[in-house]
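Mapping to the working numbering: the sequence shown position 281 is 281, numbers consecutive.
All C-beta atoms in this analysis are idealised placements derived from N, C-alpha and C, irrespective of residue type, glycine included.
This one's a predicted model, so the numbers in the text were calculated from it and none came from an experiment.
Right, one structure below, let's go through it.
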Amino acid sequence: MNIFEQQKNEFSERHIGINKEEKEAMLSAIGVSNLEELISKTIPDAIRIKTDLEVPAAISEFEYLSELKKVAAKNKVFKSYIGQGYYDTITPSVILRNVFENPGWYTQYTPYQAEISQGRLESLLNYQTLVSDLTALPIANASLLDEGTAAAEAMAMLFNHKNKDHDHITAPKFFIDEKIFAQTKDVLVTRAEPIGIELVFGDFKHVALNEDYFGAIVQYPDNDGAIRDYREFIAKAHAANVMVVMATDLLALTLLTPPGELGADVAIGSSQRLGVPMGFGGPHAAFFATKDEFKRTIPGRIIGVSIDAQGNRCLRMALQTREQHIRREKATSNICTAQALLSNMAAMYAIYHGAEGLTNIAKRISILAQTLSDELNELGFNNLNEYYFDTLKIGVHDAAAIIKLGALQEMNFHFIDEKHIGISLDETTSQNNIVDILHVFARSINIDTASAGFDADALLENIPSSSTRTSGFLLHPVFNTHHSENQMMRYIKFLENKDLSLNTSMISLGSCTMKLNAATELIPVSWPEFSRLHPFAPADQTQGYLEIITELENYLSKITGFAATSIQPNSGAQGEYAGLLTIRAYHTARGESHRNVVLIPISAHGTNPASAVMAGMKVVVTRCDDAGNIDVADLKAKAEEHKNDLAALMVTYPSTHGVFEESIIEICNTIHEHGGQVFMDGANMNAQVGLTSPGMIGADVCHLNLHKTFAIPHGGGGPGVGPICVASQLVPYLPGHVNITNKTSNIHAVSAAPYGSASILLISYAYIKMLGTNGIRSATEYAILNANYMKARLEKYYKILYTGKNGTAAHEFIVDLRPFKNTAGIEAEDVAKRLMDYGFHAPTLSFPVAGTLMIEPTESEDKAELDRFCDALIGIYNEIKAIEEGKEDKKDNVLKNAPHTQHVVCADEWTKSYSRTVAAFPLPYVKENKFWPSISRVNNTYGDRNLICTCEPTEAYA
Ligand SMILES: Cc1ncc(COP(=O)(O)O)c(C=O)c1O
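Structure representation (structure tokens):
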């Protein structure tokens, strides 16, 4: 490579952590002479790609940013008054810089290891408190994917509540008021049909609810912006034993009577406008709050208060026994990755502004809306909303003409119909903006001037007294302390310091692929050309985005060996669901709608069966053999048994056991012979890219986790993107969207926004552009190299479960800790917690096999870091040996007492049987870079028995 080529490929060398000398040493430790030998021992030849992927050659980071600026310029940032669930907002710079753009926050993993996650757990608890306070409902989750899917989750929760026996559905109907957002309706339509819900659309004032209904949904304020009083409706619904969901707006609730006080059973919506940029549709955190009776069935993650081993208050993810990794097809929903980073931003926004600040923002918007309404009235334009918060519905002669005039002045309004225009104001709207809007309307009737008088003390006559909020909210000290920038910056840092992220050490979570989230990939996400676009802005203003999305979809199709891609799903699990819907629609179109059986190997991730049930399928579990491979005989027998109804197989490849199963082609053929389609779970694509592909192995559809393989950060539990890539026969069934009218699709939307979490697609796009065709293949090769190197070092100490036929692992491998239970009383959890004392996050614990750790180093780590991690596990092995040999006590030892906090180690009294140094500084490298877990081991059951999911009174912290 000459020095010019070298510059173009510089990103690859930075993304991949291993240099040439290290590579040679690692290959020799594994016992192979070159990388190709390792790869051919690992991936069956029959499924190897023999040519280069059709993606462009690499470009440098500098070149990429310069090119991207040109594409960004094709996006036009107009003032958007479109509303419909998306509003411009001001992200406080202190939050933008210290949370959104800070790897200490965005590279975190979901807080399963509570002892090194107290910062984000506290922030998520703040979010739950914010949602619970504003909605006046006692329990809220830590986020869902978007408003549309949150509405669908609410519908499903209430459906299951009322129809406990799915074989005898007694109340199949769900009422949808016609004035909810169009995209929410679209998602509800998608989600209702497969599980047997009948949707009834109409006007809430006229519907006669009866025992056939289990639930209803209304929007507050409605999609036109009108504030309507739902008290009577809710009372009538309850009298008929029908539960009510209110889709609502958190900012509006600072001024409006909250859903809980109106009697609603569930409140959902988006918290986007609390400081999270529109980003052409996402990512944003949806919220979900409900009554206490639903606390065990609420979808998504919930943060709860518990105690640690010292009896001190701490936080953890609560009620995990409801989730898919435990309950599989009986789980309450398939939500795994959600939108943690974005709920953290919204929580910080609320903390920074406090109740008074939020109320002032809401009042300012509402006063501006009232002023605009009055002044438009003066001009002869009527606002049809008698009562409203921020949105006017203006009667006009020719809506299209006014929208055109607006566009000339770089403003977007909402086209309701030929005679009506919607105008939604937001936090960024100024007095000048109001005058500009008036100018547009004046010009439409040939008046040249317009002006407005503003009264900062105006009474909000646009909000009726019956709907005016009287109750307090955000009274907890956390919302009343950090209002100066120093305080805010320090609070964010205080929390960040408690959490182990990728900027501390490697996070080798098998199946989760915690690879580098490069700064150059992330920087453009904050550029206004990408962050301030409304998802429903006209296409001529979003050409830059559309170009990138088309290109990215094309790359992903090439990489997976498929015909087309949809980037709409907002997480891996949503991708599974969307993929199964395409299969369902395909069978239905062929007159085979009875095909509803999905075969799922026992080793599959819990979201697979949960998604299958959501798609209306029946799950049949197939076995694995002793080597961890799919039991082909069992699979064939079950495919034969269900051949008349077989819809699909869901298969993860390489398997969740980290093996490229040789039988994969035979498995796919078997499914096809019996009329089924093959869905491949793409969580392990980081072992495939450039070397093999789902298309090549014979699958028909796969989902990808862009937040794994394609470098989007995990954000402490989201965001994520879960595109689906499909073979040609499934292309007609990719998800559609009410706002994409130029494409026809046979299925409705799976996400609220047409292009899902559009702004973070930039990250995966950059990843592919900067690595280029060679780089993305090398990344896979090095991911496999790193895993096999670690395996080679660790197999001298630990039993490694499952390898391929040549004894190699794929990109991850499983360390079996079960034997130590008998020999030393040590369990996998003890090892996971002890790793924290060594400065590491535990690998994936007890998935897919209980009592094991699954290690996935990724290609981005350097050899020294891999060695440090191996040294830590070897150190722990020696500690276990000492217990086995009776040199250390079985109960009072470094593993059982792990992790050791600073507080415990520095206490005046030390009664343990080992030294403080052994406890806290077990290896020399730890002394140089000590990361202190902030709590002792969390008590897992206490928190669930004493469920508290909002900030408690201050005394509780004492
Ligand atoms: C194998 C597998 N499938 C599916 C998922 C679900 O993906 P997501 O969390 O993005 O919904 C995961 C998540 O880790 C996974 O490991």
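By the C-beta density criterion, Met1 is exposed, having fewer than 16 other C-beta atoms within 10 angstroms. The continuous stretches of beta strand (DSSP E) do not include Asp436, which lies in the alpha helix (DSSP H) extending over residues Gln431 to Ser444. Look at Asp222: its beta carbon is at least 7 Å from all of the heavy atoms in ligand 1. Ligand 1 has a heavy atom closer than 7 Å to the beta-carbon of Thr652. Closest by C-alpha distance to Tyr127, out of Ile217, Ala289 and Tyr86, is Ala289. One Cα belongs to Ser860, the other to Thr107, and the distance between them is close to 13 Å. Within a 10 Å sphere around the beta-carbon of His284 sit 16 or more other beta-carbons, which makes this residue buried. For a cut-off of 8 Å, the C-beta gap from Ala809 to Gly658 is around 5 Å, short enough to register as a contact.
The beta carbon of Ile139 sits closer than 7 Å to those of Ser132, Ala289, Thr290, Asp292, Lys295, Ile298 and Cys949, all from its chain and outside the five residues before and after it, given in chain order. The Cβ atoms of Val738 and Thr582 lie no closer than 8 Å to each other. For Arg313, the pairing in a beta bridge is given by DSSP as Ile307.
Between Asp645 and Asn608, the beta carbon gap of about 18 Å keeps them out of contact (Cβ cut-off 8 Å). Setting aside the 5 residues that flank it on each side, Val305 is surrounded in the same chain by Arg313, Leu315, Gly943, Ile948 and Glu952, each with a C-beta closer than 7 Å to its C-beta; the list follows chain order.
The closest CA to that of Pro713, considering only Phe813, Thr803, Leu516 and Glu261, is found on Leu516. Taking the Cβ atoms as the reference, Leu255 lies roughly 7 Å from Thr468, within the contact range of under 8 Å. Each of Gln541, His168 and Leu853 was checked against the Cα of Lys74, and the nearest Cα belongs to Gln541. Of the heavy atoms belonging to ligand 1, at least one sits nearer than 7 Å to the Cβ of Asn705. If one requires a minimum length of 4 residues, the alpha helix (DSSP H) runs lying completely within the region 199–284 are 231–239 and 259–262, in chain order. Between the region 384–393 and the region 223–238, the count of C-beta pairs closer than 8 Å reaches three or more; the two stretches touch.
Assignment of Asn9 by DSSP, reduced to helix, strand and coil, places it in the coil class. Shortest gap from the CB of His605 to any heavy atom of ligand 1: under 7 Å. Under DSSP, Asp45 shares a beta bridge with no residue.
With contacts defined by Cβ atoms closer than 8 Å, Leu188 and Ile176 form a contacting pair. Proximity of the beta carbon of Thr337 to ligand 1 is indicated: a heavy atom of the ligand is located closer than 7 Å.
Under the DSSP assignment, Val701 falls in the beta strand (DSSP E) whose first and last residues are Val701 to Leu704. The region 481–491 makes no contact with the region 443–462: fewer than 3 CB pairs, one atom from each, lie closer than 8 Å. Taking a cut-off of 8 Å on C-beta distances, the region 27–34 does not touch the region 665–672, as fewer than three cross pairs fall below it. Here the C-alpha atom of Gln370 lies approximately 6 Å from the C-alpha atom of Asn462. The alpha-carbon separation between Leu691 and Arg584 amounts to approximately 30 Å. Within a 10 Å sphere around the beta-carbon of Asp455 sit fewer than 16 other beta-carbons, which makes this residue exposed. Per DSSP, Ser764 is one residue of the alpha helix (DSSP H) stretching across Leu761 to Leu794. Rounded to the nearest angstrom, the gap between the Cα atoms of Tyr555 and Trp932 is 42 Å. Bridge pairing for Ile421: Ile394 and Phe415 [DSSP]. A direct Cα-to-Cα measurement between Ser117 and Pro111 gives close to 5 Å. Counting only residues of its own chain and dropping the five nearest sequence neighbours on each side, Ser33 has a CB closer than 8 Å to the CB of Leu27. The three-state reading of DSSP puts Cys668 in helix, counting H, G and I together.
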